[in-house]
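Our numbering applies: residue 140 is where the sequence shown begins, and numbers increase by one.
Where is the CB? At the ideal position from N, CA and C, for every residue including glycine.
Bear in mind the structure is a predicted one, so any value in this text is a computation, not a measurement.
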Amino acid sequence: MLRKKISILFLFFSIFFIKAAYSQREYNNILAMSDIHFNPFAICVDKNFKKKCSALIRELNESEVNNWKQIFEKYHENLSPSVSGEDTNYPLFESFLYGIKEITEKNSNIRFAVILGDFLGHHFIDNFKLYSQDKLDPKKIDFIKKTYQFLTNEIRSVIPAQIEIYPVIGNNDSYIDNYNVDNPKTSLFYNDLKNIWALNSEQIKNSDSFSSGGYYSAKTKIKGLSVVALNTNPFSKKATSKDKADINKIIEEQLIWLNVKLENAKNQKILIISHIPFGIDTYSSLNSLKKGGDPVLFWKDNPNLIEKPYLKILSNHFSSIAGILVAHTHFNSFQMIDNDLELFSLTVPSVSPIHKNNPGFQIFTLNDANIFMNSLSYVFGREEKKWKELYNFDELYESQTLYVGVQSLIGKWFKEPLVSDGKFINFYSMGNENTQVKNNWNYYICAADNNLNSENYKECLNSIY
């Protein structure tokens, strides 16, 4: 009798593990990173390193980019990774490289990677002028270009060659300034970046749309899935162009291009990736509303220019959209766009800890129908000085798919909108305490729901009280 029970148990576990192994083969993974905000000038902040800073910048300026790694190692020996409130210094970047190398070596199901913009640190150009004492444009542009080459080379070197990497342009990515829309008619920025990022994917190098506006599409190694990479800098409320690009024309051309890509999808699913999300900027809205102002949008206030055309494109082609990945806020979050059409965006956390979040990146899991099933969040553990898995969305919220999980969470929050969700707040800041979200919970849950314009957002806030 005992032997029979053991045999039955053995059969049960054999079937379980065979099923699990088979199921694992059906799933595909995407490595998602964002907001690296690399700061090569980090040591310059410390007055004790003044001579060291000058020597570092001089050597970087005078050296070929393939020598940069050795130069950084020489000047950062025994220095610690960036702490909360700082951008990514070389030790944190080096640790990040080791973390994604380890993950991609262990996970054979990663089919491609995305980097959702903001490669350069905050105030990058101002810091270059300050610490290099060189205000000439050619020197500045050469240094920025070499920084992109360095970051691209280093990331490419730790991710297996068969895994293509699809990056996007963020608001800090420019030859001129933060939120600047570089003029494709006069600036070399797009062509330079296209040639540098060809190391990530030859499909980028062959893209005409990248040269004209910094956006492109690519077929992935996941069957039936393509990527559409938008440049949302022109869409931003803060967008400007010191080199006189026609921003409205660039917006119009990109939206027409997006519509054509979705119309031609046919049997393909499309993953839309970009940097600046659509909808309410919660942090800025919170500050504005408390001073008697209005909610603040991430994108331009003119609804006929972007909001309405964009939403119409999404709603007309919702069945072709596999998902929408964004970044910019630095936090691990999501936003419902249209509940009825199951359209929502997922926000990828940043590597930079400048907003008092812990550094992080994610792995998304898709099933064979290209439905987003789960996400794993990895964080830099300061005590261990290594990257580790922090959250498994499915285990945390027991959801069948990410859409079901997002929908369930929003529904739960609005049943008791004044009771903050401590578990989610921890998830949001990648394990770091965030009293601002806790103390202003209603502002955040109204932004997570499909309140995409100022009027709807204010109605949501008013309905809670």
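**Message:** Can you tell me where the beta strand (DSSP E) holding TYR517 begins and where it ends?
**Reply:** Within the sequence shown, numbered from 1, the residue matching residue 517 stands at position 378. First-last of the beta strand (DSSP E) with TYR517: 511-520.
**Asked** Taking three-plus beta-carbon pairs below 8 angstroms as touching, is the region 411-421 in contact with the region 584-602?
**Response** yes
**Item:** Sequence-distant residues of its chain with Cβ nearer than 6 angstroms to LEU485 (five each side left out)
**Value:** Your numbering for residue 485 matches position 346 in the sequence shown. Cβ within range, chain order: LEU464 and PHE473.
**Asked** Is the CB-CB distance between ALA414 and ASN387 below 9 angstroms?
**Response** Here residue 414 corresponds to residue number 275 of the sequence shown, with the count starting at 1. Here residue 387 corresponds to residue number 248 of the sequence shown, with the count starting at 1. Note that residue 414 corresponds to His in the displayed sequence, not to Ala. Against a cut-off of 9 angstroms, the Cβ pair of ASN387 and HIS414 comes out as no contact.
**Request:** Jot down the residue ranges of each uninterrupted alpha helix (DSSP H) in the region 363-425, minimum 4 residues, whole runs only, in chain order.
**Result:** 386-402
**Prompt:** For ALA508, which beta-bridge partners are listed by DSSP?
**Reply:** Stepping through the sequence shown from its first residue, residue 508 is reached at position 369. DSSP lists no partner for ALA508.
**Prompt:** Could you give the distance in angstroms between the alpha-carbon of LEU290 and the alpha-carbon of GLY570?
**Reply:** What you label residue 290 is simply residue 151 of the sequence shown in a count that begins at 1. What you label residue 570 is simply residue 431 of the sequence shown in a count that begins at 1. Roughly 26 angstroms separates the two Cα atoms.
**Request:** Taking 9 angstroms as the cut-off, decide whether the C-beta atoms of ARG250 and ASN168 are in contact.
**Result:** For the purposes of this step, residue 250 is taken as the residue at position 111 of the sequence shown. For the purposes of this step, residue 168 is taken as the residue at position 29 of the sequence shown. The answer is yes: Cβ separation under 9 angstroms.
**Residues near ASN592 in its chain [Cβ-Cβ closer than 6 angstroms; skip 5 each side]** = The residue labelled residue 592 in the question sits at position 453 within the sequence shown. Counting only Cβ-Cβ distances below 6 angstroms, and skipping sequence neighbours, we find nothing.
**Item:** Backbone CA spacing between ILE603 and SER223 [nearest angstrom]
**Value:** Mapped onto the sequence shown, residue 603 falls at position 464. Mapped onto the sequence shown, residue 223 falls at position 84. In this structure, the alpha-carbon of ILE603 lies about 33 angstroms from that of SER223.
**Item:** Length-filtered (4 minimum) alpha helix (DSSP H) runs lying within the region 196-237
**Value:** 207-214
**Prompt:** Measuring from the CB of TYR237, is there a heavy atom of the ligand SAH at a distance below 8 angstroms?
**Reply:** Of ligands this structure carries none, so the ligand SAH is not represented either.
**Request:** Identify, in the order they occur along the chain, each residue of the same chain with its Cβ nearer than 6 angstroms to the Cβ of PHE156, setting aside the five sequence neighbours on each side.
**Result:** As a working mapping, residue 156 is identified with position 17 in the sequence shown. Caution applies to PHE156, whose pLDDT of 42 falls short of 50 and renders its modelled position unreliable; the value that the coordinates give is listed next. Same-chain partners within the cutoff: there are none.
**Prompt:** Between which two residues does the beta strand (DSSP E) harbouring LYS527 extend?
**Reply:** Counted from its first residue, the sequence shown places residue 527 at position 388. Looking at the DSSP string, the run of the beta strand (DSSP E) that includes LYS527 is 525-531.
**Prompt:** Rounded to a whole number of angstroms, what is the C-alpha to C-alpha distance between LEU410 and GLY256?
**Reply:** Walking along the sequence shown from the start, residue 410 turns up at place 271. Walking along the sequence shown from the start, residue 256 turns up at place 117. Approximately 16 angstroms, taken between the alpha carbons.
**Prompt:** What is the DSSP secondary structure of VAL558, reduced to helix, strand or coil?
**Reply:** The residue you call residue 558 lines up with position 419 of the sequence shown. Three-state DSSP puts VAL558 in coil, outside helix and strand.
**Item:** Bounding residues of the beta strand (DSSP E) (the contiguous stretch that carries SER356)
**Value:** Stepping through the sequence shown from its first residue, residue 356 is reached at position 217. SER356 -> beta strand (DSSP E) spans 355-358.
**Message:** Checking the sheet assignment: what are the DSSP bridge partners for ASP477?
**Reply:** Counted from its first residue, the sequence shown places residue 477 at position 338. DSSP lists LEU482 as the beta-bridge partner residues of ASP477.
**Asked** Quick one: what does DSSP say PRO448 is sitting in, helix, strand or coil?
**Response** Taking the sequence shown and counting its residues from 1, the one referred to as residue 448 is at position 309. Looking at PRO448 - three-state DSSP - the assignment turns out to be helix.
**Message:** Rounding to the nearest angstrom, what Cα-Cα distance links GLY431 and LEU425 in this structure?
**Reply:** The residue labelled residue 431 in the question sits at position 292 within the sequence shown. The residue labelled residue 425 in the question sits at position 286 within the sequence shown. Cα to Cα, GLY431 sits roughly 10 angstroms from LEU425.
**Request:** Pull up the CB-CB distance for ASN513 and LEU541, whole angstroms please, since I reckon it's below 8 angstroms.
**Result:** Position 374 of the sequence shown, counted from the first residue, corresponds to residue 513. Position 402 of the sequence shown, counted from the first residue, corresponds to residue 541. Yes, ASN513 and LEU541 are in contact; Cβ-Cβ is about 7 angstroms, under 8 angstroms.
**Asked** If you count every other CB in all the chains shown that lies within 10 Å of the CB of TYR237, and 16 or more means buried, which is it?
**Response** Counting from 1 along the sequence shown, the entry for residue 237 is found at position 98. It is exposed - the Cβ of TYR237 has fewer than 16 other Cβ atoms within 10 Å.
**Request:** Work out the CA separation of LYS524 and LYS190 for me, nearest whole Å.
**Result:** For this step, residue 190 is matched to residue 51 along the sequence shown. For this step, residue 524 is matched to residue 385 along the sequence shown. Looking at the two C-alpha atoms, the distance is approximately 28 angstroms.
**Message:** Please state whether the Cβ-Cβ distance between PHE437 and SER375 is less than 9 angstroms.
**Reply:** On the sequence shown, position 298 is the one that residue 437 refers to. On the sequence shown, position 236 is the one that residue 375 refers to. Yes, the Cβ-Cβ distance between PHE437 and SER375 is below 9 angstroms.
**Request:** Could you say if the region 324-342 and the region 297-306 meet the contact criterion of at least three C-beta pairs nearer than 8 angstroms?
**Result:** yes
**Item:** From ASN319, GLN301 and LEU401, residue whose alpha carbon lies closest to that of TYR355
**Value:** Taking the sequence shown and counting its residues from 1, one reaches residue 355 at position 216. Closest option to TYR355, Cα to Cα, is LEU401.
**Message:** In this structure, how does DSSP classify TYR166 when only helix, strand and coil are distinguished?
**Reply:** Locating residue 166 in the sequence shown gives position 27, where the first residue counts as 1. Three-state DSSP puts TYR166 in coil, outside helix and strand.
**Prompt:** Does the pairing of the region 545-560 with the region 454-461 give three or more beta-carbon distances under 8 angstroms?
**Reply:** no
**Asked** Ordered along the chain, which non-local residues of its own chain (more than five positions away) have a Cβ less than 7 angstroms from that of LEU482?
**Response** Counted from its first residue, the sequence shown places residue 482 at position 343. Within the same chain, LEU482 has close Cβ partners LEU453, PHE457, ILE460 and ILE476.
**Message:** Does SER153 come out as helix, strand or coil in the three-state DSSP assignment?
**Reply:** Here residue 153 corresponds to residue number 14 of the sequence shown, with the count starting at 1. Note that SER153 scores a pLDDT of 40, beneath 50, so its modelled location is shaky; the value from the coordinates is reported in the next line. Residue state, collapsed to three classes: helix.
**Prompt:** When you compare only the Cα positions, how much space is there between LYS527 and ASN565?
**Reply:** By one-based count along the sequence shown, residue 527 stands at place 388. By one-based count along the sequence shown, residue 565 stands at place 426. Between LYS527 and ASN565, the C-alpha separation is close to 16 angstroms.
**Member of PHE500, VAL204 and ASN531 whose CA lies at the smallest distance from the CA of SER234** = Counted from its first residue, the sequence shown places residue 234 at position 95. SER234 has its Cα closest to that of PHE500, out of PHE500, VAL204 and ASN531.
**Request:** Can you have a look at ASN403 and say buried or exposed, based on whether 16 or more other CB atoms are within 10 angstroms of its CB?
**Result:** Locating residue 403 in the sequence shown gives position 264, where the first residue counts as 1. Per the 10 Å Cβ criterion, exposed.
**Contact the region 489-497 vs the region 180-200: 3+ CB pairs below 8 angstroms** = no
**Coarse secondary structure for GLN301, derived from DSSP in three states** = Taking the sequence shown and counting its residues from 1, one reaches residue 301 at position 162. GLN301 falls in the coil class under three-state DSSP.
**Prompt:** Based on the DSSP secondary-structure assignment, which residues constitute the bridge partners of ALA587?
**Reply:** The count along the sequence shown starts at 1 and reaches residue 587 at position 448. None, per the DSSP bridge assignment.
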